[in-house]
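Numbering (the numbering used here), first residue to last: 87 to 224.
To start, the structure itself, in structure tokens.
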């Protein structure tokens with residue numbers, strides 16, 4: 087993990103204290119062989135093959151800077167668990183935010199993500215929910 091952090095920091099020199107990789111909460115494999123990192127400053131994707139990185143930050147893509155987990159599902163959609171902004175999904179074209187209105191329990195803090203048999207499972211401060219891009223069931 088330390089080696090990964092050194093590599094990530096070396097390709098993201100434009101980040102400052104407000105968008106810092108100092109606190110990486112979760113990391114997951116990307117379909118391109120890279121890695122997704124959820125951090126206190128947003129989400130960072132590192133492609134070892136290309137030697138480049140890509141960021142998803144607040145307010146352009148994420149509703150809050152604090153991202154606790156990230157998941158690339160089997161359909162290539164990206165799911166972001168945020169610390170107060172609900173669950174965010176990016177399908178390559180559109181950004182969608184899921185909150186209690188779409189079945190995410192609690193006040194918007196989503197802590198963990200998992201895919202099982204095509205369904206996204208969401209752990210949050212209000213409990214657990216499962217579903218897909220159409221909505222969730224607590």
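For glycine and all other residues, C-beta sits at the position ideal for the given N, C-alpha and C.
Inter-residue distance for residue 212 and residue 163 is about 24 Å (C-alpha atoms, whole angstroms).
In the three-state DSSP reduction, residue 187 falls in the helix class (H, G or I). In the three-state reduction of the DSSP assignment, residue 140 falls in the strand class.
Taken atom to atom, the span from the alpha-carbon of residue 207 to that of residue 190 is near 10 Å. As summarised for the stretch 106-135, the continuous beta strand (DSSP E) elements at least 3 residues long and confined to that stretch are 110-115, 121-125 and 128-133, given in chain order.
Spatial neighbours of residue 182 in its own chain (CB-CB distance under 6 Å, excluding positions within 5 residues in sequence) are listed in chain order as 175. Under DSSP, the beta-bridge partners assigned to residue 218 are 221.
In the DSSP assignment, residue 197 falls within the beta strand (DSSP E) that extends over 196-202. Close CB contacts of residue 200 within its chain, under the 6 Å cut and outside five residues either way in sequence, are with 207 (chain order). Residues 113, 114, 116, 129, 131, 156 and 158 of the same chain have their beta carbon placed closer than 7 Å to that of residue 122, with the five preceding and five following residues left out of the count. Under the DSSP assignment, residue 154 falls in the beta strand (DSSP E) whose first and last residues are 153-158. In this structure, DSSP gives residue 164 an extended state, which the three-state scheme calls strand.
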